[in-house]
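What follows is one structure encoded as C-alpha cells, with my remarks underneath.
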Amino acid sequence: MAEKKSTAAQVNDQYVTAILVTHNGVTWLSEVVASLSSQKHLPDQIIAVDNGSIDGSVKLLSNAGIPVIKQSKSAGFGSAVATAVAKLPAMQDENNEWLWIIHDDCAPDKFALAKLLEAVVERPQVAIAGPKILGWYDRKHILEAGISITENGARWTGLENREHDQGQHDEVNTVLSVSSAGMLIKRSVFEELGGFDPSLELFRDDVDLGWRANIAGHAVICVGEAVLYHAEAASTERRSVDVKDAILHRPLLLDRRNAAFVLLANSSRWILPWVAIQLLFTSIGRSIIYLLAKLPGYAADEIAAIGLLIFKPADLVKSRRYRKQNRVLSARVIKQFIPSRTIQIRSTLERISTSLTAAFKTGKSRGSSQKVKSYSDIGVIDESFDEIEFVESRSFAKIRALAKQPFLFGILVVTIFTILYSRN
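According to our numbering, the sequence shown is numbered sequentially starting from 4.
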C-alpha cells in the first residue's frame with residue numbers, strides 16, 4: 004500500500020494559474036506584480052487580462068514578462084477571468100489544477116499561496132479558498148475573513164468596527180464565500196459552475212459564486228494565515244467603474260442592483276416573494292436615510308437598483324434557470340451562513356454607538372467639513388460604518404451639533420428603522 008504523501012509533497016503536486024485582471028490600476032500594479040513574483044510557492048504561470056486600460060498597465064505587465072490578453076473597458080471582471088480560462092490547455096488532473104484570481108489593486112503576502120494550498124490539500128472537499136484581507140493603506144485593518152450577505156442585501160463580514168488584526172482570525176473557517184481578490188478555486192469547479200455569472204460584471208459576483216459552490220456540494224473556506232492587502236479601488240471610487248452595466252459609472256447603484264440580483268437568483272422559489280418585498284422596502288428605507296443625510300444621488304441609486312431588476316427581468320430568469328443544473332443540496336445549507344436579524348441589529352447598534360462617540364469627542368477636530376470617502380461609508384446596515392470619520396465643532400453643544408449634522412441624524416433614524424423593520 005502506497006504511503007500517503009506529506010502535505011508539502013501534495014502542495015508541490017498542485018498546478019496553479021494566477022489570473023491577474025487589470026483596468027487602470029497602474030497605481031497599485033507594480034506592488035501586485037512584485038508580490039506575485041516573491042511568493043514562497045510560486046504560481047506555475049501568470050496570465051493577465053486587461054480591460055481597456057489607458058494608464059500604462061499593459062506596458063508595465065509586458066515589461067514584467069507577463070502575457071496580456073486585451074479586452075474592452077466595458078468587459079466585466081468575470082468575463083476577463085473566463086477569457087483567461089478559455090485560453091488554457093485542457094486539464095491534465097481535475098483534482099490538482101487551480102485558478103488563483105488576483106485584482107490589480109491587491110497584493111498577496113509572500114506566504115499567501117503556500118498557506119492556501121496547504122489548507123486545500125488537507126481538505127479534499129474544498130473547492131474555493133480565500134485569504135484574510137487587510138487594508139492596503141492601513142495594513143492592520145481587517146477588511147474581510149470570509150463574506151456573506153444579509154437578507155436585505157448588505158455585504159456581511161461579521162467583523163467588529165475597525166477591527167485590527169491581532170491573529171484572532173488566523174484559523175481556517177468554512178464560509179459562504181470569499182472575495183474574488185485572492186480567491187483560489189479548482190479549475191474543474193470553476194468550469195462546472197460556469198464561472199462568475201455574466202449578469203454580475205462587478206461587485207457581489209464572489210458572493211454569488213460561493214453560494215452556488217455550496218449548493219453544488221463543495222466547501223468554501225477562509226484561510227486566516229494567508230494574507231492579502233486590498234485597496235478596493237472600485238468600491239471606494241479611487242477609479243471609475245466602466246463595465247457596461249454600471250449606469251452613470253455609479254458603484255453604489257451597481258452594488259445594490261447586484262446584491263438584489265444575488266438574493267433573487269439564488270433564493271428558493273417559495274420564499275422569493277418575501278425576498279422581493281423585503282428588498283423593495285429596505286431600498287425605500289435606505290433612500291429616506293440618504294435624503295435625510297442630503298445625499299439625493301445615493302437615494303436615487305437605491306431606487307434605481309431595484310428598478311433595473313423589475314424592468315429588465317430576463318437576466319434574472321435566465322440565471323435562476325441555470326442554477327438548477329448544478330443544485331445538489333437543499334438551499335437550507337446556506338442558512339447557517341446568513342446572519343440573523345439579532346446579530347445584524349446588535350452589530351449596527353455597536354457601530355452607530357462607536358460613530359456617535361467619535362462624533363462628540365472634542366479637542367481632536369480635523370476641520371469643519373470632510374468629504375465622505377465613498378458610497379460604502381454610509382450604508383444603512385452594511386458594515387461600512389467602519390470607515391466613517393465624524394467631525395464635531397467645539398463651538399456647539401452636543402445636541403445642537405447633532406441638529407447641525409443631518410448625516411448623524413440620519414444614522415439615528417437608521418437605528419429606529421432597523422429595529423422596527425426587524426420586529427416580527
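Heads up, the beta-carbon is just placed ideally off N, CA and C, and yes, glycines get one too.
Item, Value
"In chain order, what residues of the same chain lie with their CB nearer than 8 Å to the CB of residue 195, ignoring the 5 residues before and after it?", "219, 329"
"If we call anything under 8 Å between Cβ atoms a contact, is residue 138 one with residue 176?", "no"
"Would the segment 90–108 and the segment 10–24 be scored as touching if the rule is three or more Cβ pairs under 8 Å?", "yes"
"Can you tell which of 166, 19, 21, 28 has its C-alpha closest to the C-alpha of residue 242?", "28"
"What beta strand (DSSP E) runs, 3 residues minimum, are completely inside the segment 122–154?", "129–138, 145–147"
"At what residue ranges does the segment 36–116 contain a whole run of the alpha helix (DSSP H), taking only runs of 4 or more?", "60–66, 80–89"
"Can you check the segment 306–364 for any beta strand (DSSP E) of at least 3 residues that lies completely inside it and give the ranges in chain order?", "none"
"Is there a Cβ of chain B sitting closer than 8 Å to that of residue 110, yes or no?", "Within the model displayed, chain B is absent; a lone protein chain is all it includes."
"Could you tell me whether the segment 227–239 touches the segment 102–122, using the rule of 3 or more Cβ pairs below 8 Å?", "yes"
"Name the two residues that bound the continuous beta strand (DSSP E) containing residue 229.", "222–233"
"With burial defined as no fewer than 16 other Cβ atoms inside 10 Å of the residue's Cβ, what is the status of residue 277: buried or exposed?", "exposed"
"How many whole angstroms separate the CB atoms of residue 50 and residue 20, which I take to be in contact at a CB cut-off of 8 Å?", "6 Å"
"Using only CA atoms, which one of 280, 79, 173 lies nearest to residue 208?", "79"
"Could you please give the first and the last residue of the uninterrupted beta strand (DSSP E) stretch that includes residue 274?", "It is not in any beta strand (DSSP E) - residue 274 carries neither H nor E in the DSSP assignment."
"Which residue wins for smallest C-alpha separation from residue 332, given the options 280, 221, 255, 263?", "221"
"Please state whether DSSP places residue 15 in a helix, a strand or coil.", "helix"
"Only counting the same chain, and skipping five residues up and downstream in sequence, which positions put a Cβ closer than 6 Å to that of residue 188?", "102, 131"
"If you count every other CB in all the chains shown that lies within 10 Å of the CB of residue 293, and 16 or more means buried, which is it?", "buried"
"Using C-beta distances below 7 Å, list every residue in its chain close to residue 263, excluding the 5 sequence neighbours before and after it, in chain order.", "156, 282, 308, 309, 312"
"Kindly list the residues whose CB is nearer than 7 Å to the CB of residue 121, restricted to its own chain and excluding five residues on each side of it in sequence; keep chain order.", "10, 14"
"Does residue 129 pass the burial test, meaning 16 or more other C-beta atoms within 10 Å, or should it be called exposed?", "buried"
"Under 6 Å Cβ to Cβ from residue 171, same chain only, skipping five residues before and after it: list those, please.", "none"
"May I have the straight-line CA-CA distance separating residue 147 from residue 346, to the nearest angstrom?", "17 Å"
"Hey, out of 306, 275, 76, whose CA is closest to residue 290's CA?", "306"
"Does the separation of the CB atoms of residue 268 and residue 322 fall below 8 Å?", "yes"
"Report the rounded CA-to-CA distance for residue 257 versus residue 199, giving the unit in angstroms.", "16 Å"
"When you compare only the Cα positions, how much space is there between residue 191 and residue 334?", "22 Å"
"Taking the alpha carbon of residue 224 as the reference point, which residue from 124, 37, 34 has its own alpha carbon closest?", "124"
"By the three-class DSSP mapping on this structure, what secondary structure does residue 21 have?", "strand"
"Secondary structure at residue 287, three-state DSSP: helix, strand or coil?", "helix"
"So the alpha helix (DSSP H) residue 187 belongs to, where does it begin and stop?", "Careful: residue 187 lies outside any alpha helix (DSSP H), inside the beta strand (DSSP E) at 187–189."
"What does DSSP give as the partner residues of residue 175 in its beta bridges?", "226"
"Taking all protein chains shown into account, decide if residue 37 is buried (16 or more other Cβ within 10 angstroms of its Cβ) or exposed.", "exposed"
"I believe residue 76 touches residue 211 by the beta-carbon criterion, under 8 Å. Please report the beta-carbon distance rounded to the nearest angstrom.", "No, residue 76 and residue 211 are not in contact; Cβ-Cβ is about 23 Å, not under 8 Å."
"Let me check one thing: in DSSP terms, what residues is residue 26 bridge-paired to?", "DSSP lists no partner for residue 26."
"Going by DSSP in three states, residue 158 sits in which element: helix, strand or coil?", "strand"
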